[in-house]
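J.:
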Amino acid sequence: MTWDTRGPAAGDPFTPDRGSGLAAVAAGNPGERRGAVPGPPPRRRSPSALGAAVVTVLVALHVLAWQGTGFSPADLVRGWRGMADFIGEAIPPDLSWPVLGPGIQAALVTLYIGLLGTTFSVPFALVLAVLGARTTAPNRWIYQAARSLLSFLRAVPDVVFALIFVTAVGLGPFAGVLALIFHNTGVMGKLWSEAMEEIDLGPRDALRTNGAGGVQVVAHAILPAVVPQFIGLLLYRFDVNVRSSLVLGLVGAGGIGFLVNQSIKLFRFDQMATHLLIVLVLVIGVDLLSAAVRRRITV
Amino acid sequence: MSVSPGRSAGGTAVADRSPSPEAVPSLSITGLRKSFPGRTVLAGLDLRIPARGLVAVLGANGSGKSTALRCVVGLEQPDGGSIRLHGEEIVGLSGRELARRRSRAAMIFQKIHLVQRRTVLDNVCAGALGRLPLRHSLVPALFPRELREEAMECLHRVGLADRAGDTVGRLSGGQQQRVAVARALCQRADVVLADEPVAALDPAAATQVLELLSDLARGQGLAVAAVLHQPELARRYADRVVGLARGRLAFDTAPEHLSERDLDDLYAAGEGAS
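Chains as they are written, first to last, in this note's numbering: chain A, 3 to 301; chain B, 158 to 431.
1) So is M85 (chain A) buried or exposed if we call it buried at 16+ other beta carbons inside 10 Å?
2) Does chain B have any CB closer than 8 angstroms to the CB of L24 (chain A)?
3) Between F176 (chain A) and Q107 (chain A), what straight-line distance do the alpha-carbon atoms span, to the nearest angstrom?
4) Could one say the Cβ of G231 (chain B) lies closer than 8 angstroms to chain A's Cβ atoms, at least one of them?
5) Could you list which residues in chain B have their beta carbon closer than 9 angstroms to that of Q218 (chain A), in chain order?
6) Residues of chain A with a CB under 8 angstroms from the CB of Q344 (chain B): which are they?
7) Evaluate E353 (chain B) with the Cβ neighbour count: other Cβ atoms within 10 Å of its Cβ, from every protein chain shown; 16 or more gives buried, anything less gives exposed.
8) If we call anything under 8 angstroms between Cβ atoms a contact, is I265 (chain B) one with Q334 (chain B)?
9) From P178 (chain B) to L242 (chain B), what distance separates their C-alpha atoms?
10) Report yes or no: is there a C-beta of chain A within less than 8 angstroms of the C-beta of M309 (chain B)?
11) So the candidates are B:A407, B:V272 and B:R209; which of them puts its Cα closest to the Cα of V229 (chain A)?
12) Output, in chain order, the set of chain B residues within a Cβ distance shorter than 7 angstroms of L209 (chain A).
13) Assign D279 (chain B) to buried or exposed, taking buried as 16 or more other Cβ atoms, counted over all protein chains shown, within 10 Å of its Cβ.
14) What does S185 (chain B) pair with, by DSSP beta-bridge criteria?
15) Kindly indicate the opening and closing residues of the alpha helix (DSSP H) around I269 (chain B).
16) Helix, strand or coil, according to DSSP, for T276 (chain A) in the structure here?
17) Does the distance from the C-beta atom of L130 (chain A) to that of T71 (chain A) stay below 8 angstroms?
18) Per DSSP, what are the beta-bridge partners of E413 (chain B) in this structure?
19) Along chain B, which residues have their Cβ under 8 angstroms away from the Cβ of A135 (chain A)?
20) Closest to V249 (chain A) by CA distance: which of A:S195, A:G172, A:P140 and A:I115 is it?
21) Tell me whether E353 (chain B) sits in a helix, a strand or coil according to DSSP, three-state version.
22) Starting from V398 (chain B), trace the beta strand (DSSP E) both ways and give me its first and last residue.
23) How is T276 (chain B) classed by DSSP in three states: helix, strand or coil?
24) For the stretch 320 to 351 of chain B, enumerate the residues whose C-beta is nearer than 7 angstroms to any C-beta of chain A, in chain order.
25) Bridge partners for E246 (chain B) per DSSP, in chain order?
26) By a C-beta neighbour count over all protein chains shown, 10 Å radius and 16 as the cutoff for buried, is R80 (chain A) buried or exposed?
27) Given L286 (chain B), which residues of its chain have a CB within under 7 angstroms of its CB, disregarding the five upstream and five downstream residues?
28) Which residue wins for smallest C-alpha separation from V161 (chain A), given the options A:L182, A:L225, A:L151 and A:Y145?
29) Identify the contact partners of F266 (chain B) in chain A, using a Cβ-Cβ distance below 7 angstroms as the criterion.
30) Near A109 (chain A), what residues of its chain come up, given a Cβ to Cβ distance below 6 angstroms and the 5 sequence neighbours on each side ignored?
31) Is it right to say H64 (chain A) is buried, meaning 16 or more other beta carbons lie within 10 angstroms of its own, or is it exposed?
32) Report the residue from A:G119, A:L117 and A:S150 whose alpha carbon sits nearest the alpha carbon of L133 (chain A).
33) Please report how far the alpha carbon of A256 (chain B) lies from the alpha carbon of G213 (chain A), in whole angstroms.
34) Classify F408 (chain B) as helix, strand or coil using the three-state DSSP reduction.
35) Quick one: list the residues of chain A neighbouring S260 (chain B), beta-carbon separation under 8 angstroms, in chain order.
36) Does the structure place the stretch 295 to 310 of chain B close enough to the stretch 365 to 375 of chain B that three or more beta carbon pairs sit under 8 angstroms?
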């Protein structure tokens, strides 16, 4: 931009009349005002005591964390042989059909867990998002209650939910679906309620003035405005949930995670590598799909 | 379009067709007060909008024009005073009775506030939400057939029936504002409050919208109050011009009697206040 080099000198195309003065003010450039000589630029503020304190605290925290986690690059270097053995046994992966076939089947189960877990959380997430968004909540108490419930569901990891449901419905994919429904309701409800809090409230007010009720306002003013964001977030969560359902398999909730766990326990690292490759294909596929759909809807 | 240009016949129509429009004003505001933390916006405002005709509301920024209209439709709660719609008090009421009395007043906004992603027809139908049960209004597909026909009629009155199936986002600003007017008509409102309806429109679109509003006011007997920022538009289209300053009525006059001095005082008062 040539704005800042342009002074109010004679021959300036923006002759100092009322119009240019207004334009300059509107453009946030007071130097363009009539006859004013621009002063020196404001000096950059030196770092404040608060800034220094924040940096000090952050550094101290990292030191504590380093000690608390036993972080030790030396151990990693010393243990290179173990890693090398592990990788040596994993390569080449066992691509024989008796391994590949069940692997693909289990990967499909993982996909199904992610799909059902995402879809069945939609109604719960929608209700809690509407009640837990400042723009749509009927009153403060319901808003706080919905927020708390969402926080709770979000705070409990899906793996913990899976362990709980395994005790209820036994080992298998169903426990994984239940776990994802619960955890995803918390996360997606939060994301959706935030999307609803960011919209222009004009249409909501317009419908309120013609006597529309709370549900009608949500259905006709709020939701139409956020549908693209909702679908984008839904696909993002589907993506995440498919990956989560892998981890759920590790704790016995079915799917390919279960096979990965099994092959590690049997020291069949070549089979494990095969399963990880299938996972890779699955995750990349879901990611590409959701990215493609999101590109099309966010217009 | 069914909009008649100019106001040649309008002035007499007001006197001829309605025998005594002053008898029961459509909207009558008395002693209305409203304060926000740190400033008083309405300090005992008195305002009468007759049952037929367009009243232009003038005033500097912060004089309380918008706040007064927002108090009428319920977007702000007044601190005190009286608001009567067709003679019925609405301040201090709540619940269904308030909604019923208020349903005859509709508001249109500077920023239009339609749902951009929905069709023109769906937006107009949304004006009727207040009288629809939830089972007929949860999604636009449930809107009853009679409502769609009524909405088409409203669109016809604003000259946009041919755009009913388009999404609102495809319309120009002026067309969108006319759709907002159609939504107010579909609400079956006979008091239309317009908060700077043309401030965001280009002159041609502004002319169209104001011609539409004045046509509805004179030809079809609506009471229209429009906040305007250009006195010349008020002179051209209004049947009555009122001025607000510091939350009170400064003048209430016929447009031909609106003097430059009135205007200078009006906008000077605004500067003094801010």
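By construction, the Cβ of each residue, glycine as well, lies at the ideal position given by its N, Cα and C atoms.
T.: The answer reads as follows:
1) With fewer than 16 other Cβ atoms within 10 Å, it is exposed.
2) Legend: pLDDT at L24 (chain A) = 44, less than 50; position of this residue unreliable, value from coordinates given subsequently. Output row for L24 (chain A): interface = no.
3) Rounded to the nearest whole angstrom, the CA to CA distance from F176 (chain A) to Q107 (chain A) is 16 angstroms.
4) Chain A, which has a Cβ nearer than 8 angstroms to the Cβ of G231 (chain B), makes this yes.
5) Under the 9 angstroms cutoff, chain B gives A283, L286, G287, L289, L291, S294 and L295.
6) Here the neighbours are N212 and G213.
7) Buried, by the Cβ-count rule.
8) Result yes, Cβ atoms of I265 (chain B) and Q334 (chain B) sit closer than 8 angstroms.
9) Low local confidence applies: a pLDDT of 46 at P178 (chain B) is under 50, so the model's placement there is unreliable, with the coordinate-based value given in what follows. Between the C-alpha atoms of P178 (chain B) and L242 (chain B) there is a straight-line separation of about 14 angstroms.
10) Taking a beta-carbon distance threshold of 8 angstroms, M309 (chain B) does not count as an interface residue toward chain A.
11) The shortest C-alpha separation from V229 (chain A) is found at B:V272.
12) A283 and L286, listed in chain order.
13) Buried, since its Cβ has 16 or more Cβ neighbours within 10 Å.
14) B:R205 and B:R241, per the DSSP bridge assignment.
15) For I269 (chain B), no alpha helix (DSSP H) run applies, since DSSP gives it neither H nor E.
16) In the structure shown, T276 (chain A) sits in a helix (DSSP, three-state: H, G or I).
17) Taking 8 angstroms as the Cβ cut-off, L130 (chain A) and T71 (chain A) do not qualify as a contacting pair.
18) Paired residues: none, contrary to the question.
19) The contacting residues do not exist; A135 (chain A) stays about 17 angstroms from chain B at best.
20) Closest in C-alpha terms to V249 (chain A), from the list A:S195, A:G172, A:P140 and A:I115, comes A:I115.
21) Shown here, E353 (chain B) sits in coil according to DSSP, grouped into three states, outside any helix or strand.
22) DSSP places V398 (chain B) in the uninterrupted beta strand (DSSP E) bounded by R397 to A402.
23) Correct three-state label for T276 (chain B): strand.
24) Per Cβ criterion, the list reads Q344.
25) In the DSSP output, where bridge partners are listed per residue, E246 (chain B) has B:R241.
26) Only exposed fits R80 (chain A), as fewer than 16 other CB atoms lie within 10 angstroms of its CB.
27) For L286 (chain B), the CB contacts under 7 angstroms within the same chain, skipping 5 residues up- and downstream, are S294 in chain order.
28) Residue A:L182 is the option with its Cα nearest to V161 (chain A).
29) Within chain A, the residues near F266 (chain B) are G204 and A208.
30) If we look at A109 (chain A) and ignore the five residues flanking it on each side, its Cβ neighbours are I258, I280 and L284.
31) Label assigned to H64 (chain A): exposed.
32) Per the Cα distances, A:S150.
33) For A256 (chain B) and G213 (chain A), the distance between alpha carbons rounds to 6 angstroms.
34) Strand at F408 (chain B).
35) Per Cβ cutoff of 8 angstroms: N212 and G213.
36) Result no; under three Cβ-Cβ pairs closer than 8 angstroms.
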